Each structure stands twice: as structure tokens, then as C-alpha cells.
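Asks: Here it is, the structure, as C-alpha cells.
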Amino acid sequence: MARDEELKERWQLVVKKLSNQFADGDTLDLDAIIYLIGVQELGQLERDFKKDQKLDLMHIAICKLLMPYGYYELDFVDDEGWPHYKTLEELPHLKAGEQSILMKEAIVNYFLETEYI
1496 MARDEELKER WQLVVKKLSN QFADGDTLDL DAIIYLIGVQ ELGQLERDFK KDQKLDLMHI
1556 AICKLLMPYG YYELDFVDDE GWPHYKTLEE LPHLKAGEQS ILMKEAIVNY FLETEYI
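Quick look at the structure:
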């Protein structure tokens, strides 16, 4: 199976499983999935977040997802349990479609590593 086809199938599996688990079957988009990963990484699942905290959660997720690619590393976790990352390498300038593919690949790899899929 071609790499692109395998990524597409795995991505659809992730979307389906997460949508069924967290959105009553409504299809979650890429941003919603990134947000869920941020909540998972923070580990504070039972609380409500303010708008700016939701953006911070997405940032946590993006850093976590791109760590294996060498763009970020965990720097420290603050007293409130929020992880902070430092940039190791600037992200390349990618077109929107390329960014989407990179994030989908990183998300699929994240859920493979956590054995969710």
C-alpha cells in the first residue's frame, strides 16, 4: 500500500474513533483533534478552559506532535502542570496543504504510539 494511502486510511480511523468517543459521531476536524491531544497531554481532563487556555492547549499538542520531527523538546512543567517546550528548529515554510499533511501524519503517529489505533 502506498504511504499516502496508508496515511489516509489511518487518519480516517483516528477521526472516526475520536468523533464517536468525543463528538457523538459528529466529525471532528483537525483543530478539534489537536485540542483533544492538548487536553490529554495536560492531563487535566475534568476542567473547563478559557479561550486563551484552549489556544495554549493546542500549542502544547502541536509541540508534542512535532517533537519526534526535531522541532521541539520539552523544557519543563510548571507548578500548575502545564508543559513548556523550547524550539529546537524553526518549522519550514509549508503551504496549507503541506501543513495539514504534516499534522495528520504526526497525529496518526501519536495515536499509533499510544496504541489508540
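In terms of my numbering, the sequence shown opens at residue 1496 and continues consecutively.
For every residue, glycine included, the Cβ atom is placed at its ideal position computed from N, Cα and C.
Quantities reported herein were computed from a predicted structural model and do not represent experimental measurements.
(1) Can you give me the C-alpha to C-alpha distance between E1568 and K1581, rounded to a whole angstrom?
(2) Just to confirm the assignment, what range does the beta strand (DSSP E) spanning E1568 have?
(3) Note down the Cα distance separating Y1597 from E1585, rounded to an integer number of angstroms.
(4) Give a yes or no on contact between the segment 1552-1568 and the segment 1514-1521, applying the rule of three or more CB pairs nearer than 8 Å.
(5) For my contact list, V1534 and F1606 are in at a C-beta cut-off of 8 Å; report their separation, rounded to the angstrom.
(6) State the beta-bridge partners of Y1580 as determined by DSSP.
Replies: On the basis of the data shown:
(1) Their Cα atoms are separated by approximately 6 Å.
(2) Start and end: 1567-1572.
(3) It should be pointed out that residue 1597 corresponds to Leu in this sequence rather than to Tyr. Roughly 14 Å separates the two Cα atoms.
(4) Taking 8 Å as the limit for Cβ pairs, the verdict is that the segment 1514-1521 does not touch the segment 1552-1568.
(5) That pair is no contact at about 14 Å.
(6) In the DSSP assignment, the residues bridged to Y1580 are L1569.
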